[in-house]
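Chains as they are written, first to last, in numbering that gives the first Met the number 0: chain A, 0 to 250; chain B, 0 to 645. Heads up, the beta-carbon is just placed ideally off N, CA and C, and yes, glycines get one too. Predicted model, so just to flag it, every value in this text is computed and none were measured. The structure appears below as structure tokens.
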Amino acid sequence: MEKTIHITLKIWRQKGPQAKGAFETYQLNNISTDSSFLEMLDILNEKLISEKKETIVFDHDCREGICGMCSLYINGHPHGPDEDVTTCQLHMRKFKDGETIIVEPWRSRGFPVIKDLMVDRGAFDKIIQAGGFISVTTGGVPDANAIPISKEKADEAMDAASCIGCGACVAACKNGSAMLFVAAKVSQLALLPQGKIEASRRAKAMVAKMDELGFGNCTNTGACESECPKNVSISHIARLNREFLKAKLKD
Amino acid sequence: MTQINSKIPQGPLAQKWSNYKASQKLVNPANKRRLDIIVVGTGLAGASAAASLGELGFNVLNFCIQDSPRRAHSIAAQGGINAAKNYPNDGDSVFRLFYDTIKGGDYRAREANVYRLAEVSNSIIDQCVAQGVPFAREYGGLLDNRSFGGAQVSRTFYAKGQTGQQLLLGAYSALSRQISKGSVKLHTRYEMMDVVVIDGKARGIIARNLRTGRLERFFGHAVVIATGGYGNTFFLSTNAMGSNGSAAMQCFRKGAYFANPCYAQIHPTCIPVHGEFQSKLTLMSESLRNDGRIWVPKKKEDAEAIRAGKMKPTQIPEDERDYYLERRYPAFGNLVPRDVASRAAKERCDAGYGVGATGLAVYLDFSEVINRLGRDVVEARYGNLFQMYYKIVDEDPYETPMMIYPAIHYTMGGIWVDYECMTSIEGLFAIGEANFSDHGANRLGASALMQGLADGYFVLPYTIQNYLADEIRTPRMSTELTEFAETEGAVQARIQKIMAIKGNRSVDSIHKQLGLIMWDFVGMSRTKESLQKALDAIIQVKHEFWTNVFIPGESEDLNVELEKALRVSDFIEIGELMARDALHREESCGGHFRLEYQTGDGEALRDDEKFSYVACWKYEGDGKEPSLLKEPLIYESVHMQQRNYK
Ligand SMILES: Cc1cc2nc3c(=O)[nH]c(=O)nc-3n(C[C@H](O)[C@H](O)[C@H](O)COP(=O)(O)OP(=O)(O)OC[C@H]3O[C@@H](n4cnc5c(N)ncnc54)[C@H](O)[C@@H]3O)c2cc1C
Ligand code: SF4
Ligand code: FES
């Protein structure tokens, strides 16, 4: 049988990047516990439209945990209280009847608010542009099976590559560091023979860009790993540090 | 009457592409720098095209509606990508991949395009590996393959259940490299609003800056549309929330033909609808049909008991289960093409054997493979899909069978293009899911990723030069030209018209209404009556939208409701076009199933005499019926026959 709950929401509203924001309180009744968190927000927005009010702005697209577009800091956790999911995969069955739910945007110097719950994560693109790639052009590459790669390495690279670029790691970190995000890319490419050649150069360039864009230092609190919806491991940060050191030694 | 010129090169099928490349015009490096190319979209097609054109030295402007190119809908593709590598030595070849794709498309695709697609497929895999895409590997270190529907060989490369993500991140990395070099200029959170045509040639776009709500003008010597498919016409689909058909409609209204709009793919394995509040449907990858077995109870009483919650699927003994795909199609079993599997599921549910609370679900069962290979193996293959299912449905698919039902997933129809991926407007190109060209009436699994990357990496970078070679003397044009101003003015007027309605309905509520009409009357099985009903009902939806929609906020501000409204206004037009096309096509083929046209045992019955053509719809003005042009399909290398998967 379908179960429903009543909830109170305290949601951050902010008109624009320069505007001062504040929490607003909303009451929602009879929310199906089978609905997702974002579907609950859809219902709230429908209600606001029926009252001729402006809807709450939040980022989302795939709604299946892969595009990395959704965000939201829910009850003190990026992507909410459930384990290993993004906000769009969070379901209302994780909340109690009568509960008050606090919803905020990612808060970090690197991710300024655009409107309400939507933030600007363009800095992540800039970090990738600084070196998060293998320098090959289209065509003229060897046969895909020319270089065997051990299954172990390939699987580990895949685990690192599963980062969706959501930014929860930054939002979770008291220093606002983007180390886990950077490490995931550096590690993925360093593990593969194709990417190894540029590994230390890449590490150096990406870390420099991260610093330049106002992200904080990593002090190994591990908060990023525990809030990452894709379970990206902080062991990748160790690999990043190794590559970074190698680059320093070369200088 | 206008003649359709598809520009298929001369010569035998296997040599057409080589012949084309040998004789096409090229642009020299010094001139490339002086040529601007607008690429709209950063999915597999758009990102790979923008990156490759940037590498060649063109000056590229790239647009997407998300906050990052990496978030394009391609990211969600799960199962895999096809190529004719024949690594498993199981008899694959370029010809076989070509043949399977033509047959899978129910003989409604263009031979020359499909052959080229199969021909370049192997280079895609090489390219992706070089970019660092972590495809699944065997213990020996070589690449692993799996099987997909409609094929008897294993030719699908995959990266866990996240193949689209990994391929897109590969293309995104190539794109990022070009952005850092300055050859590509990226515009995120921008939405194309119209194409600017000057003297019959596409010369730019009007785009809305989604952060500020302001309209901006961009010039390009050529414009490439890579904006994906229009499956969201149905409201509920497996597409991302922002996927839309608006760019295609803008081109259509400017004179580009819209081809085969009625060819839409219903995917057999999606998580069933579970509530009115539902915003989208989630796909469970086709790759699951490698190991999962589809069934419903043999006895109606059992199905009824399950629906009433009095019985569990695990309580039904083996010989009381109807593995209907294995029963009906012994040769392909659970791996029949999507259209066939979807209709078979609907048939069982309509006959009263469906499961789940609504009766609109069938089982996809992994118990046999878990017993045979162990939970670990299954977890390694499909772990992320099982987790996704668990989080949505709150049931553990390792313990109890998944419930699945068909849902709209992909659109084979799209902007008409010739062999060069050029639309019927000069200088306007369309690639990826946005065009119509390679999948006929039904797309095979793992072939969309292949097509998107083929177009972007290996086809368009050649063919666009054949056009641009004649444009090297065209200087960059000012966006102050009247054509730009007029186009912007028309977009502005449309926006103001929507803002001024100030009615009582939300955009979503109208979109849902359209979606239900589409699903009920233009869905998995269509009839003359249902399609006529759809056309009437869509006119009402259109009226409702234009008189009663309500958009809060301002147009010159970030306004999500306005963004949605602009897209829905186009979905309404697409819905109408789909119904019209489906009505005119008095045959069944692939994903287009007309109940009136079926064989004795319920398979699609084509009418090759009458309908062996691409239906190209041409815009004739607002409120007027579009006219129909036909591009005949001529098969030289394959023999058309009734598809048989038995
Ligand atoms: C859940 C799911 C799973 C799938 N799995 C597979 C699979 O396993 N194998 C396979 O081969 N295929 C699969 N497909 C199909 C495949 O993913 C798509 O067909 C393909 O990725 C489309 O790529 P594209 O580049 O054409 O468009 P998209 O990836 O949809 O990209 C569209 C781009 O255009 C932009 N855009 C759209 N409109 C505008 C506008 N007006 N202005 C500016 N920018 C705009 C968007 O921002 C985006 O960047 C799957 C599809 C779905 C839905
Ligand atoms: S590392 Fe994890 S939390 Fe950080 S961006 Fe990637 S997926 Fe998100
Ligand atoms: S909306 Fe795509 S990950 Fe949440």
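Cβ pair residue i, residue j closer than 9 Å
i, j, result
"leucine 96 of chain B", "arginine 154 of chain B", "yes"
"leucine 239 of chain A", "alanine 153 of chain A", "no"
"glycine 131 of chain B", "isoleucine 74 of chain B", "no"
"alanine 247 of chain B", "isoleucine 573 of chain B", "yes"
"histidine 235 of chain A", "leucine 179 of chain A", "yes"
"arginine 32 of chain B", "methionine 476 of chain B", "no"
"glutamine 26 of chain A", "isoleucine 6 of chain A", "yes"
"phenylalanine 233 of chain B", "methionine 523 of chain B", "no"
"glycine 130 of chain A", "methionine 205 of chain A", "yes"
"leucine 557 of chain B", "glycine 64 of chain A", "no"
"alanine 564 of chain B", "valine 548 of chain B", "yes"
"alanine 440 of chain B", "asparagine 259 of chain B", "yes"
"alanine 177 of chain A", "glycine 109 of chain A", "yes"
Residue environment, residue i, which counts as buried when at least 16 other CB atoms sit within 10 Å
i, result
"leucine 244 of chain A", "exposed"
"glutamate 608 of chain B", "exposed"
"alanine 170 of chain B", "buried"
"asparagine 238 of chain B", "buried"
"aspartate 193 of chain B", "buried"
"glutamine 65 of chain B", "buried"
"arginine 566 of chain B", "buried"
"glutamate 575 of chain B", "buried"
"aspartate 125 of chain B", "buried"
"isoleucine 305 of chain B", "buried"
"leucine 168 of chain B", "buried"
"leucine 594 of chain B", "exposed"
Paired residues, beta bridge with residue i - DSSP
i, result
"glutamine 9 of chain B", "DSSP output for glutamine 9 of chain B lists no bridge partner at all."
"arginine 525 of chain B", "B:Arg593"
"serine 626 of chain B", "B:Lys617"
"tyrosine 409 of chain B", "B:Gln264"
"threonine 54 of chain A", "Threonine 54 of chain A pairs with nothing; no bridge assigned."
"methionine 117 of chain A", "A:Lys114"
"glycine 203 of chain B", "B:Val195, B:Phe218"
"tryptophan 11 of chain A", "A:Phe22"
"alanine 429 of chain B", "B:Ile224"
"tryptophan 545 of chain B", "Looking at the DSSP assignment, tryptophan 545 of chain B forms no beta bridge with any residue, so it has no partner."
Residue i versus residue j: straight-line alpha-carbon distance, rounded
i, j, result
"serine 636 of chain B", "tyrosine 456 of chain B", "26 Å"
"alanine 343 of chain B", "alanine 330 of chain B", "16 Å"
"glutamine 14 of chain B", "arginine 70 of chain B", "37 Å"
"isoleucine 80 of chain B", "aspartate 58 of chain A", "29 Å"
"alanine 499 of chain B", "lysine 19 of chain A", "29 Å"
"lysine 200 of chain B", "serine 236 of chain B", "35 Å"
"serine 120 of chain B", "methionine 310 of chain B", "48 Å"
"proline 80 of chain A", "threonine 281 of chain B", "22 Å"
"valine 392 of chain B", "glutamate 562 of chain B", "31 Å"
"serine 277 of chain A", "isoleucine 30 of chain A", "With chain A represented from 0 up to 250, any question about residue 277 of chain A goes unanswered, as that position is not in the structure."
"serine 366 of chain B", "glycine 148 of chain B", "21 Å"
"tryptophan 294 of chain B", "asparagine 243 of chain B", "34 Å"
"histidine 76 of chain A", "arginine 109 of chain B", "52 Å"
"proline 400 of chain B", "glutamine 151 of chain B", "26 Å"
Option in the options with minimal Cα separation from residue i
i, options, result
"glutamate 586 of chain B", "B:Gln177, B:Asp105, B:Gln491, B:Leu467", "B:Asp105"
"cysteine 172 of chain A", "A:His90, A:Pro111, A:Thr220, A:Ala159", "A:Thr220"
"proline 312 of chain B", "B:Leu363, B:Glu285, B:Gly103, B:His638", "B:Leu363"
"arginine 120 of chain A", "A:Leu212, A:Thr24, A:Phe22", "A:Leu212"
"proline 28 of chain B", "B:Ser22, B:Ser423, B:Glu54", "B:Glu54"
"asparagine 465 of chain B", "B:Arg107, B:Cys348, B:Tyr418, B:Ala492", "B:Tyr418"
"serine 24 of chain A", "A:Leu8, A:Ser35, A:Lys14", "The question names serine, but residue 24 of chain A is threonine in the sequence shown. It is A:Leu8 whose Cα lies nearest to the Cα of threonine 24 of chain A."
"leucine 174 of chain B", "B:Leu43, B:His273, B:Arg115", "B:Leu43"
"glutamate 655 of chain B", "B:Glu470, B:Glu137, B:Pro400", "The question about residue 655 of chain B has no answer, for chain B in this structure spans 0 to 645."
"methionine 91 of chain A", "A:Ser70, A:Glu1, A:Gly215, A:Ala167", "A:Glu1"
"leucine 384 of chain B", "B:Ile403, B:Ser172, B:Arg371", "B:Ile403"
"leucine 248 of chain A", "A:Gly97, A:Met117, A:Ala237, A:Ser199", "A:Ser199"
"methionine 68 of chain A", "A:Gly164, A:Ile101, A:Ala202", "A:Gly164"
"glutamate 543 of chain B", "B:Asn503, B:Val521, B:Thr481", "B:Asn503"
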